[in-house]
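Below is one structure, written out as structure tokens; the observations come after it.
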Amino acid sequence: MRYIPILLLIMLLFSACSLPPDKPVTRRELNLTGLYQRFEIKESPEMILNALNRNGEVILEGKRKIRGKDFPVYIKLLATSEGLEILDYDK
């Protein structure tokens with residue numbers, strides 16, 4: 001009986017792993033997000049596409065410019081079945 005919570009926890013952890021997308025993300029889809037217009041990112045689009053198509057997600061460091069000031073952010077890109085999802089978090 002006491003093993004059930006541990007088993008449920010292990011199942012939850014393994015189900016939360018990221019998976020590669022069903023259909024590969026294209027450069028056109030990446031460009032349609034406006035990622036490079038909204039953020040200053042050092043990584044190339046090819047590197048981002050490679051990571052997205054291999055892992056299904058990628059986390060980048062970047063800067064967001066608001067009223068002439070640079071704010072450092074973490075940018076998480078997720079390749080979902082509906083398309084690319086962009087989440088940004090302040091550092």
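As numbered in our numbering, residues 1 to 91 make up the sequence shown, in order.
We put the beta carbon where it would ideally sit given N, CA and C, even for glycine.
Every value quoted in this text rests on a predicted model; they were computed, and no experiment measured them.
Taking the straight line between their C-alpha atoms, what separation do you get for residue i and residue j?
| i | j | result |
| --- | --- | --- |
| I86 | I6 | 33 Å |
| L49 | Y3 | 41 Å |
| T80 | F71 | 27 Å |
| G34 | R64 | 13 Å |
Could you tell me which residues DSSP pairs with residue i in its beta bridges?
| i | result |
| --- | --- |
| P72 | K63 |
| T80 | G83 |
| E40 | K63 |
| E57 | L78 |
Starting from residue i and walking both ways along the beta strand (DSSP E), at which residues does that stretch end?
| i | result |
| --- | --- |
| E85 | 83-90 |
Measuring alpha carbon to alpha carbon, tell me which residue in the options is nearest residue i.
| i | options | result |
| --- | --- | --- |
| Y89 | I75, T80, S81, E82 | I75 |
| R67 | K23, R38, A51 | R38 |
Mind checking which residues open and close the alpha helix (DSSP H) that includes residue i?
| i | result |
| --- | --- |
| R28 | 27-32 |
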